[in-house]
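Student: Counting from 1, position 14 in the sequence shown corresponds to residue 262 in the working numbering; the numbering is continuous, with no gaps. Note that CB positions come from ideal geometry on N, CA and C, so glycine has one too. Every value quoted in this text rests on a predicted model; they were computed, and no experiment measured them.
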Amino acid sequence: MIGFYAFLILEKFLMFLPRKVRRSFFLGLGFLAYKISKRYNKVIRQNLQFIYGDNVDEDFIKKVSKNAFTQLLLNILHTMEIRYYPIEELSKKIRFENDEVLKKVQNEGRPIIFVTSHYGSWEFAGAMLSALREPIMIVYKKMNNKYFQNYLLSSRSKSRMTYLERGGATRGILKRLRSGGAIALLIDTNVNKREAITVDFLGKPTSQIKTTAYFARKFNAALIPSLIHANDDGTYTIKFYDEIVPPKTDNEQEDIKVSTQMQTDWLSAEILKAPEPWFWLHRRFKDDYPEVYKK
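1. Taking the alpha-carbon of M385 as reference, which of G428, D347, Y367 has the nearest alpha-carbon?
2. I need the straight-line Cα distance from E337 to P359, nearest angstrom please.
3. For my contact list, Q511 and V349 are in at a C-beta cut-off of 8 Å; report their separation, rounded to the angstrom.
4. With distances taken Cα to Cα, identify the nearest neighbour of G544 among K389, R442, V506, E518.
5. Roughly how far, in whole angstroms, is the beta-carbon of L425 from the beta-carbon of A469, given that I think they are within contact range, below 8 Å?
6. Taking the alpha carbon of I486 as the reference point, which residue from R532, E345, T437 has its own alpha carbon closest?
7. With C-beta atoms as the reference, is Y489 less than 8 Å away from S474?
8. Would you mind sorting E539 into buried or exposed? The rule is 16 or more other CB atoms within 10 Å of its CB.
9. How would you write the range of the beta strand (DSSP E) that V447 sits in, first residue to last?
10. Locate the alpha helix (DSSP H) running through F317, then write down its first and last residues.
11. Please go through the same chain and pick out, in chain order, the residues whose beta-carbon is closer than 7 Å to the beta-carbon of S403, but skip the five residues on each side of it.
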């Protein structure tokens with residue numbers, strides 16, 4: 249509790265600083281974390297060697313590692329700024345690409361499942377998507393520290409976002425989609441094998457959540473992939489990709505597997521095209537390939 253209040257004092261001080269100074273502070277923290285965190289640098293290296301091979305270029309590992317820590321700290325910064333700045337001010341930093349993909353589904357009156365990932369500034373992406381285009385419901389994992397959990401959720405709720413704790417989320421999601429609303433789910437986290445289906449992710453057979461595929465089929469919901477990309481001028485672009493339209497046959501289980509693979513193929517292609525913004529700090533493959541993290 250004391251640590252949390254100390255954090256709030258630090259937050260107030262940081263928010264008094266000019267934006268450029270505040271951003272530089274967080275970039276510096278990210279670089280410092282990169283320099284001193286042997287544990288997570290090791291995880292990044294293990295992930296990259298698993299995907300790209302043991303002979304992956306050292307300069308590439310360094311570049312990805314530095315960016316991974318930077319992105320994590322920038323997500324904390326964006327959480328702070330979402331709490332303090334009005335949406336109108338934050339919206340000056342965001343652009344949208346392929347808006348017509350979303351508008352088409354909205355005009356059809358169908359429920360929406362945004363398929364997304366821990367990629368780039370995902371906290372800012374969720375807030376701006378929900379505030380400026382379509383209110384979303386998300387599912388979160390309960391944190392050990394209730395003060396920091398309430399802090400994070402308060403930031404998210406400011407942008408018309410609603411949320412459910414993972415343990416009892418199914419009923420709320422059903423209600424949301426049945427009413428024609430939208431949810432956003434991250435499809436790149438490690439998942440319990442009992443709740444998953446095996447598909448190829450980044451070229452490796454991997455346990456993947458099938459929730460998005462199941463709900464899309466049940467409610468005729470649109471699967472709209474979405475990621476956020478940083479621009480050279482300090483702004484960000486939220487890109488909507490073409491709707492994923494899976495088959496719907498009499499074989500429900502096969503259709504769900506095909507749908508899950510289609511979503512994973514999309515994300516794999518985006519990560520391999522621009523790997524730096526993805527969250528390589530995460531032990532994504534620990535259940536399927538525990539040996540990866542024992543080297």
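Tutor: From the atom records:
1. The residue given as residue 385 occupies position 137 in the sequence shown. Nearest of G428, D347, Y367 to M385, Cα basis: G428.
2. One-based indexing of the sequence shown puts residue 337 at position 89. One-based indexing of the sequence shown puts residue 359 at position 111. So the two alpha carbons sit approximately 29 Å from each other.
3. Walking along the sequence shown from the start, residue 511 turns up at place 263. Walking along the sequence shown from the start, residue 349 turns up at place 101. Not quite, the Cβ-Cβ distance comes to about 15 Å (not below 8 Å), so this is no contact.
4. There is no way to answer for residue 544, as the model of the chain reaches only from 249 to 543.
5. Here the question's residue 425 lines up with position 177 in the sequence shown. Here the question's residue 469 lines up with position 221 in the sequence shown. Sure, about 6 Å apart at Cβ, within 8 Å.
6. Position 238 of the sequence shown holds residue 486. Closest option to I486, Cα to Cα, is E345.
7. For the purposes of this step, residue 489 is identified with residue 241 of the sequence shown, where counting begins at 1. For the purposes of this step, residue 474 is identified with residue 226 of the sequence shown, where counting begins at 1. Yes; because the gap between Cβ atoms is below 8 Å, this pair is in contact.
8. What you label residue 539 is simply residue 291 of the sequence shown in a count that begins at 1. Answer is exposed; the Cβ neighbour count stays below 16.
9. Along the sequence shown, one-based indexing puts residue 447 at 199. Note, V447: beta strand (DSSP E), 444 to 449.
10. Indexing the sequence shown from 1 puts residue 317 at position 69. Per DSSP, F317 belongs to the alpha helix (DSSP H) from 306 to 332.
11. Numbered from 1 along the sequence shown, position 155 holds the residue referred to as residue 403. Around S403: T327, I330, R331.
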